Structures are given as C-alpha cells and as structure tokens.
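Numbering (the numbering used here), first residue to last: 1 to 54.
Each residue gets a CB set at the ideal place from its N, CA and C atoms; glycine is no exception.
Small disclaimer: the values here were computed from a predicted structure and weren't measured.
To keep things clear, I will list the structure first and then write my remarks on it.
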C-alpha cells in the first residue's frame, strides 16, 4: 500500500491539521531507527504537534 492509499483511508482531517512526511529511514543511518523515531516524537511533542496516545 502506498502513501496516498494510506492517506485516503484516514478520512476527513481537522481544518487545523498539519500534514508532514519525513524519511527517517535514511536520515541518519548511524543512529538506530527506534532512537530516531523517539527523538522525533519528543521534538514534535515539545512544539505541540504530537501528542502521545496512551
């Protein structure tokens, strides 16, 4: 399934939604993938874009 198919399945987004894509696979190959994702979550949380779902 490609990105556009996944995007279409989301349905309507809120009017204030911000759509972002980031290639974290080849961003910094020497940093483990899970560490990169965690750093991205922390950064987005700090600027108020990402909220962790518990």
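- Nearest in C-alpha terms to residue 23, of all of 14, 12 and 37, is 37.
- Here DSSP, grouped into helix, strand and coil, assigns residue 39 to helix.
- Bounds of the alpha helix (DSSP H) holding residue 4 are 3 to 9.
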